[in-house]
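Engineer: Chains as they are written, first to last, in this note's numbering: chain X, 45 to 352; chain P, 164 to 475; chain B, 10 to 323. Where is the CB? At the ideal position from N, CA and C, for every residue including glycine. I'd like to ask you about the structure that follows.
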Amino acid sequence: MRGSVRRSWLIVPAHDNDRLAEAASSNADVVVLDLQDTVHDSSKHVARDNIRDAISDMRDAGSEVFVRVDIELIYADLVASVWRGLTGIVIPGVTNVEQVMDADSILTDLESQRGVVKPPPVGDVREADDPRGPEQALEIHLSLDTGRGNWDAQQLIKASNRVKSISLGRADLVMDLRGEPSGDLHQMEYLMQRLIVIANALNVEPVGAWWRATSRGLVAGYDDTLQAAIDGRMAGFRGGLCMRTRQVKPMNTGYTPSADEVSHAEEVVAREPTYSPMSGIASDLIAWSEECQNRNRSKSIVTAQRNQ
Amino acid sequence: MEPFVRRSHLLVPVLDREKVEASWTHNADSVILDLTGIESEDDRSRARSLVKESIRHACRGGADVFVLPNKALARADIEASVWPGLKGIVYPGAETSADIEEADSILSELETGRGIASGVLQIIALIDSGTGVWNIREIVTASPRVCSSGLDELNLCRNMGIIPYADFDPFVYAKGRIVVETRAAKVQPIGISHPYGVLPQFDDADEIYQLALRGKNLGFAGAICPDPSWVVQCNTAFAPPADRLEFFRETRRLFAEGVAQGTAAVPYPGTTMMIDVPVDENARVNLELWELCAAREAEKAKAIEKQESTMA
Amino acid sequence: MPRPVRRSGLTMPINNPRFVDRSWTRDCDYLNFDLEDSVPQSQKDYARSQVRHAIVQGQKGAAEINIRINCAYPDADVPAAVWPGVNQINFPKAETGAQIRHLDALITELERVRGIRPGTVRIGATVETTLGVANSYEIASASPRIDAFGGGTGYDMSMDMGIEMFVGFDQFVYNRGEGELIALALGLEREGGVYMSDTTGNVGNAELSIKRAEASRKAGLRTGGGLHPNVVAPQNLGLTPTVNEVEDAHRVLSFFADLDQRAETEGDMDGRIVDKYEAAKAEELIEWASLCAHRDAEKSAAREQTAAELDEQN
Numbered sequence: 045m046r047g048s049v050r051r052s053w054l055i056v057p058a059h060d061n062d063r064l065a066e067a068a069s070s071n072a073d074v075v076v077l078d079l080q081d082t083v084h085d086s087s088k089h090v091a092r093d094n095i096r097d098a099i100s101d102m103r104d105a106g107s108e109v110f111v112r113v114d115i116e117l118i119y120a121d122l123v124a125s126v127w128r129g130l131t132g133i134v135i136p137g138v139t140n141v142e143q144v145m146d147a148d149s150i151l152t153d154l155e156s157q158r159g160v161v162k163p164p165p166v167g168d169v170r171e172a173d174d175p176r177g178p179e180q181a182l183e184i185h186l187s188l189d190t191g192r193g194n195w196d197a198q199q200l201i202k203a204s205n206r207v208k209s210i211s212l213g214r215a216d217l218v219m220d221l222r223g224e225p226s227g228d229l230h231q232m233e234y235l236m237q238r239l240i241v242i243a244n245a246l247n248v249e250p251v252g253a254w255w256r257a258t259s260r261g262l263v264a265g266y267d268d269t270l271q272a273a274i275d276g277r278m279a280g281f282r283g284g285l286c287m288r289t290r291q292v293k294p295m296n297t298g299y300t301p302s303a304d305e306v307s308h309a310e311e312v313v314a315r316e317p318t319y320s321p322m323s324g325i326a327s328d329l330i331a332w333s334e335e336c337q338n339r340n341r342s343k344s345i346v347t348a349q350r351n352q
Numbered sequence: 164m165e166p167f168v169r170r171s172h173l174l175v176p177v178l179d180r181e182k183v184e185a186s187w188t189h190n191a192d193s194v195i196l197d198l199t200g201i202e203s204e205d206d207r208s209r210a211r212s213l214v215k216e217s218i219r220h221a222c223r224g225g226a227d228v229f230v231l232p233n234k235a236l237a238r239a240d241i242e243a244s245v246w247p248g249l250k251g252i253v254y255p256g257a258e259t260s261a262d263i264e265e266a267d268s269i270l271s272e273l274e275t276g277r278g279i280a281s282g283v284l285q286i287i288a289l290i291d292s293g294t295g296v297w298n299i300r301e302i303v304t305a306s307p308r309v310c311s312s313g314l315d316e317l318n319l320c321r322n323m324g325i326i327p328y329a330d331f332d333p334f335v336y337a338k339g340r341i342v343v344e345t346r347a348a349k350v351q352p353i354g355i356s357h358p359y360g361v362l363p364q365f366d367d368a369d370e371i372y373q374l375a376l377r378g379k380n381l382g383f384a385g386a387i388c389p390d391p392s393w394v395v396q397c398n399t400a401f402a403p404p405a406d407r408l409e410f411f412r413e414t415r416r417l418f419a420e421g422v423a424q425g426t427a428a429v430p431y432p433g434t435t436m437m438i439d440v441p442v443d444e445n446a447r448v449n450l451e452l453w454e455l456c457a458a459r460e461a462e463k464a465k466a467i468e469k470q471e472s473t474m475a
Numbered sequence: 010m011p012r013p014v015r016r017s018g019l020t021m022p023i024n025n026p027r028f029v030d031r032s033w034t035r036d037c038d039y040l041n042f043d044l045e046d047s048v049p050q051s052q053k054d055y056a057r058s059q060v061r062h063a064i065v066q067g068q069k070g071a072a073e074i075n076i077r078i079n080c081a082y083p084d085a086d087v088p089a090a091v092w093p094g095v096n097q098i099n100f101p102k103a104e105t106g107a108q109i110r111h112l113d114a115l116i117t118e119l120e121r122v123r124g125i126r127p128g129t130v131r132i133g134a135t136v137e138t139t140l141g142v143a144n145s146y147e148i149a150s151a152s153p154r155i156d157a158f159g160g161g162t163g164y165d166m167s168m169d170m171g172i173e174m175f176v177g178f179d180q181f182v183y184n185r186g187e188g189e190l191i192a193l194a195l196g197l198e199r200e201g202g203v204y205m206s207d208t209t210g211n212v213g214n215a216e217l218s219i220k221r222a223e224a225s226r227k228a229g230l231r232t233g234g235g236l237h238p239n240v241v242a243p244q245n246l247g248l249t250p251t252v253n254e255v256e257d258a259h260r261v262l263s264f265f266a267d268l269d270q271r272a273e274t275e276g277d278m279d280g281r282i283v284d285k286y287e288a289a290k291a292e293e294l295i296e297w298a299s300l301c302a303h304r305d306a307e308k309s310a311a312r313e314q315t316a317a318e319l320d321e322q323n
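Right, here's the structure in full:
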């Protein structure tokens, strides 16, 4: 029904070897190699040089790999990133359709020049003569962190078939949304629920967690992260972005249905008629839980193989 | 469209004959005969064959009667439903103006075919997807038949991959959008406050009232009642508060006096409140709605009287 | 043009000489002289004739002068309102871009004829109906004279939505959300509010006003306004950065400069994350504090001057 299981998207500065090594043992569903905000201008070239090897390290560790590019430096960032093992790119700061189309065509050129296609799910092996179709095109994730980007979200998503997922990115910082007396971030409830509606309307995955003003969002501690993930799942997200390896576990946990939830859902399915929406919601939960278990299993297989 | 009052829409499964036969006794402003949730083809045919008679039962208390068809089998269900006494249909899962336009032409065909005045049948648009929420403007303006709109919250949860929890309202944005766009088009938004749209309860009269009132204060004009226990609470909550009528009347009187004397702001004695144009206008709007609600109650009472005299 | 400072403002009927003649003493950043709802029909003509007098009075305290016109008759109100010294025409119950474009054209012609520098007079478009919320984008983008925008809330909006206000929960999440998002998308000043539960509906509560203003400032908002003089001082205070905040902002900036020197993007300053975003917030705060101080000095000087002139006369 929906895409891959991507409960945790760990953003890691691509120039920092220590942080890269940490990320490789973080158990994140997705590692986002960062060329943007966490990489100082003077370190960009080091970061770019690291990308190709980092992609395969993260794949070997059982994670999908994205690269977060800087929209002002997109050409150089994409040249550094389009290598075997990459699943897609994260583009923050998008405000117009031309930017999305530009990224799409640079990706097309590089895919073609380098013979790069999106890899199969983690743990599968791609055969040399597997058919290449639009499903193998590298993905674009739009981090809609500006007012304009959010307002025009529909057009931006439609600008390329590669767009498969969206988030608010660091909208709290870029749009300067601060804490209110309630503990929520100004405008966040509106922006997140709006994003989820648009994502559903356009059949792309919304990514995000329900951060509160108590912690600085993407670098929150364990408990705040777990709560943000649980609340995010209630809102309709199935994964969130984070910036520290300690956040991966609570994210994975928060986005995975608990055993109690699954057994309750099984009761509902047994009791309710199949056409009822409650029954549908419950079977979707059971299916999601199975997909999460599969994802956990394939990660274990891959890391076991690597450790042999 | 003429102003109308539909604070409570009692939902009644067509196959539940007991409920159908009692549907007119609960004082609902509207009754929705439900053709969804039927599994077997045989049961569906049977249900369709019962609609005409069910409309007659549901009408007896003066309620406006609608039919809720299956989305996928709409044509057959609607054909089974258009009979004298029907006020209109519910369109489940509307997503675009094309959906409403299609329903509009089916209704036109049937009106002509069955000797019902052209254009009288109305449409309540229910939204159950992100697409529908996003497209609400084109949906409510697609046809003059559209009288009301609302969220089908459980199916919306299903389609958006949201699991309903009492403590978290996932539809603040969606409800806000529905209310604003629907009222902007002079159509009535219907709904109730979280969590009763996804986890309805029927045993706590005060809670039902509070959530209906909260729904009214979100901008809804009425709600769908899955159970008769909601009807009286919705009829009360979606009407202006009875204990403020005197205040509204006095406000209007004082302001009219003030205007005659050339002022634009009149203090309301015993309060720090100033009555100006918007305050007076608010009083007028509330009194108008009160009159409409009173008229609705009178209509329904008359229909009941008529029943009792025919039965006597 | 430097960023306007509009922490506090009072809306008052222009036909009330008591209010107008004392308006300069209120310490408002802006004054909103009303030709609309607080002026009865029978007094509209008289009210129009009072604009030039109101400008003079308001300027005695160096307030920005706004005139709220009637959305139903801009053609009659605008020529009465656009005089040298007027900063903004407020258009209530805005519902379409066409209304704003028409208003812009009226103002443009009057600037030309009366020798006011083109573009001086701004437009404040207020959304007060559900149709206005639905059309907010076309309204906010209809004229370059609009430099601020916010969500539709308030009394008239409540009537149009069929709701009672002050019932203990946030009834305008969608409306405010749309208005502020549009402001951000168009690069306009965000006229927003922070929801704080209020079941009293009391417009003159100073304590509540200061809490609200502080909460707004902390949420990153910068504008205020109201009906009752009691809210002016709280808003001026609550929306101005404190001395401690300014000091702290300077620390953040120098901390970030060090980080940047060391080719780092992020650091920990006493348990707080500092990065380029925190540095940007700090810069904005310092600039805002300076603008507030300048504004306060302007207003003070004007009041002193006016007081001196009054003394001389007596």
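#1: Around the Cβ of X:Thr82, are there at least 16 other Cβ atoms within 10 angstroms (buried) or fewer (exposed)?
#2: Under 8 Å: do the stretch 215 to 227 of chain X and the stretch 203 to 222 of chain B share three or more Cβ pairs, one atom per stretch?
#3: Within its chain, find whatever has a CB closer than 6 Å to the CB of B:Asn323; leave out the 5 residues flanking it on each side and keep chain order.
#4: In whole angstroms, give me the CA-to-CA distance for X:Arg256 and X:Thr269.
#5: For X:Met295, does the three-state DSSP call read helix, strand or coil?
#6: For a cutoff of 8 Å on Cβ pairs, would you count P:Asn445 as touching chain B?
#7: To the nearest angstrom, how far is the alpha carbon of B:Ala291 from that of B:Ala258?
#8: Could I get the ranges of all uninterrupted alpha helix (DSSP H) runs contained in the stretch 41 to 70 of chain B, with 4 residues as the minimum, in chain order?
#9: How is the alpha helix (DSSP H) around B:Gln97 delimited, first residue to last?
#10: Between B:Cys301, B:Leu319, B:Glu45 and B:Lys102, which lies nearest to B:Thr249 when the distance is taken from Cα to Cα?
#11: Distance check for B:Gly171 and P:Ala348, CA to CA, integer angstroms please.
#12: Using three-state DSSP, classify B:Met278 as helix, strand or coil.
#13: Determine whether the beta carbon atoms of X:Lys343 and X:Val166 lie at a separation below 8 Å.
#14: At which residues does the alpha helix (DSSP H) containing B:Lys290 begin and terminate?
#15: Short of 7 Å in beta carbon distance, which residues of its chain neighbour X:Thr347, apart from the five on each side in sequence? Order them along the chain.
#16: Give me, in chain order, the residues of the same chain whose beta-carbon lies closer than 6 Å to that of B:Ser32; leave out the 5 immediate sequence neighbours on both sides.
#17: Taking Cβ-Cβ distances shorter than 9 Å, what residues in chain P pair up with B:Thr139?
#18: By how many angstroms is the C-alpha of B:Thr315 removed from the C-alpha of B:Gly70?
#19: Under DSSP, the beta strand (DSSP E) around P:Ala386 begins and ends at which residues?
#20: Can the beta-carbon of B:Ala149 be found closer than 8 Å to that of B:Glu200?
#21: Could you check how far apart the C-beta atoms of B:Asp43 and B:Thr20 are, in whole angstroms? I think they sit under 8 Å.
#22: I'd like to know whether the C-beta atoms of P:His327 and P:Val361 end up nearer to each other than 8 Å.
#23: Just to make sure I have the definition right: I need the residues of chain P whose C-beta is within less than 8 Å of the C-beta of X:Ile242. Which are they?
#24: Any C-beta of chain X sitting closer than 8 Å to the C-beta of B:Thr274?
#25: What do you reckon, are the CB atoms on X:Gly283 and X:Trp53 nearer than 8 Å?
#26: Going along the chain, which unbroken runs of the beta strand (DSSP E) with 3 or more residues stay wholly within the stretch 198 to 225 of chain P?
#27: Output the distance between the C-alpha atoms of X:Ser149 and X:Asp216, rounded to the nearest integer angstrom.
#28: Where in the stretch 266 to 314 of chain P do unbroken runs of the beta strand (DSSP E), each at least 3 residues long, occur, reported from the N-terminal end onward?
#29: If you measure between the beta carbons of P:Ile302 and P:Ala288, is that distance less than 8 Å?
#30: For the stretch 426 to 451 of chain P, list every residue whose C-beta sits within 8 Å of some C-beta in chain B, in sequence order.
#31: Quick one: is B:Phe178 buried, meaning 16 or more other Cβ sit within 10 Å of its Cβ, or exposed?
#32: Starting from B:Tyr286, find everything on chain X with Cβ-Cβ shorter than 7 Å and list it in chain order.
#33: Check the DSSP bridge columns for B:Glu73 and list the partner residues they point to.
#34: Give every residue of the same chain whose Cβ lies closer than 7 Å to the Cβ of P:Leu455, excluding the five residues on either side of it in the sequence, and list them in chain order.
#35: Can you tell me which of the three DSSP states P:Val442 falls into?
#36: Taking three-plus beta-carbon pairs below 8 Å as touching, is the stretch 179 to 187 of chain B in contact with the stretch 453 to 467 of chain P?
Structural biologist: Per the coordinate set shown:
#1: As a position in the first sequence, residue 82 of chain X is number 38, starting the count at 1. So X:Thr82 ends up on the buried side.
#2: yes
#3: In the third sequence, residue 323 of chain B corresponds to position 314, counting from 1. Hits under 6 Å: none found.
#4: Sequence index remark: in the first sequence, residue 256 of chain X carries index 212 (1-based). Sequence index remark: in the first sequence, residue 269 of chain X carries index 225 (1-based). Each residue's alpha carbon lies about 10 Å from the other.
#5: Here residue 295 of chain X is taken as the residue at index 251 of the first sequence, counted from 1. X:Met295 falls in the helix class under three-state DSSP.
#6: The residue given as residue 445 of chain P occupies position 282 in the second sequence. With 8 Å as the cut-off, P:Asn445 counts as an interface residue toward chain B.
#7: In the third sequence, residue 291 of chain B corresponds to position 282, counting from 1. In the third sequence, residue 258 of chain B corresponds to position 249, counting from 1. One C-alpha to the other measures close to 5 Å.
#8: 53 to 58 and 60 to 68
#9: Mapped onto the third sequence, residue 97 of chain B falls at position 88. Here B:Gln97 belongs to no alpha helix (DSSP H); instead the beta strand (DSSP E) covers Gln97 to Phe100.
#10: As a first step, residue 249 of chain B must be located in the third sequence, where it is residue number 240. Comparing Cα-Cα distances from B:Thr249 to each of B:Cys301, B:Leu319, B:Glu45 and B:Lys102, the minimum goes to B:Cys301.
#11: Locating residue 348 of chain P in the second sequence gives position 185, counting from the first residue. Locating residue 171 of chain B in the third sequence gives position 162, counting from the first residue. Each residue's alpha carbon lies about 14 Å from the other.
#12: Within the third sequence, the letter at position 269 stands for residue 278 of chain B. Strand, per DSSP.
#13: Position 299 of the first sequence, counting from 1, holds the residue named residue 343 of chain X. Position 122 of the first sequence, counting from 1, holds the residue named residue 166 of chain X. Yes, they are a contact pair.
#14: Along the third sequence, one-based indexing puts residue 290 of chain B at 281. Segment Lys285 to Gln322, the alpha helix (DSSP H) holding B:Lys290.
#15: Your numbering for residue 347 of chain X matches position 303 in the first sequence. Ala105 and Gly106, listed in sequence order.
#16: Within the third sequence, residue 32 of chain B is the residue found at index 23, counting from 1. Excluding sequence neighbours, B:Ser32 sits near Leu40, Gln66 and Gly67.
#17: Within the third sequence, numbered from 1, the residue matching residue 139 of chain B stands at position 130. Those are Val342, Val343, Glu344, Thr345, Arg346, Ala347, Ala348 and Gly382, listed as they occur along chain P.
#18: Walking along the third sequence from the start, residue 70 of chain B turns up at place 61. Walking along the third sequence from the start, residue 315 of chain B turns up at place 306. For B:Gly70 and B:Thr315, the distance between alpha carbons rounds to 8 Å.
#19: Here residue 386 of chain P refers to the residue found at position 223 when the second sequence is read from its first residue. Run containing P:Ala386: Ala386 to Cys388, per the beta strand (DSSP E) assignment.
#20: On the third sequence, residue 149 of chain B is found 140 positions in, with the first residue counted as 1. On the third sequence, residue 200 of chain B is found 191 positions in, with the first residue counted as 1. Not in contact: B:Ala149 and B:Glu200 (Cβ atoms no closer than 8 Å).
#21: Against the third sequence, residue 43 of chain B aligns to sequence position 34. Against the third sequence, residue 20 of chain B aligns to sequence position 11. B:Asp43 to B:Thr20, Cβ: 6 Å. Contact.
#22: By one-based count along the second sequence, residue 327 of chain P stands at place 164. By one-based count along the second sequence, residue 361 of chain P stands at place 198. His is not the amino acid found at residue 327 of chain P; the sequence shown has Pro there. Cβ distance < 8 Å, so P:Pro327 and P:Val361 count as in contact.
#23: As a working mapping, residue 242 of chain X is identified with position 198 in the first sequence. Near X:Ile242 (Cβ distances below 8 Å), the residues of chain P are Gly293 and Trp297.
#24: In the third sequence, counting from the first residue as 1, residue 274 of chain B sits at position 265. Closer than 8 Å: yes.
#25: Locating residue 283 of chain X in the first sequence gives position 239, where the first residue counts as 1. Locating residue 53 of chain X in the first sequence gives position 9, where the first residue counts as 1. It is a contact, given that the beta carbons lie within the stated cut-off.
#26: none
#27: Within the first sequence, numbered from 1, the residue matching residue 149 of chain X stands at position 105. Within the first sequence, numbered from 1, the residue matching residue 216 of chain X stands at position 172. Each residue's alpha carbon lies about 30 Å from the other.
#28: 285 to 290 and 309 to 314
#29: The residue you call residue 302 of chain P lines up with position 139 of the second sequence. The residue you call residue 288 of chain P lines up with position 125 of the second sequence. Closer than 8 Å, so yes.
#30: Thr426, Ala427, Ala428, Thr435, Asp439, Val440, Pro441, Val442, Glu444, Asn445 and Val448
#31: Mapped onto the third sequence, residue 178 of chain B falls at position 169. When all chains shown are included, B:Phe178 counts as exposed.
#32: The count along the third sequence starts at 1 and reaches residue 286 of chain B at position 277. Going along chain X in sequence order, the residues near B:Tyr286 (Cβ under 7 Å) are Leu217.
#33: Indexing the third sequence from 1 puts residue 73 of chain B at position 64. Paired residues: B:Tyr39.
#34: On the second sequence, residue 455 of chain P is found 292 positions in, with the first residue counted as 1. Only Pro166 and Val168 meet the Cβ criterion.
#35: Along the second sequence, one-based indexing puts residue 442 of chain P at 279. Residue state, collapsed to three classes: helix.
#36: no
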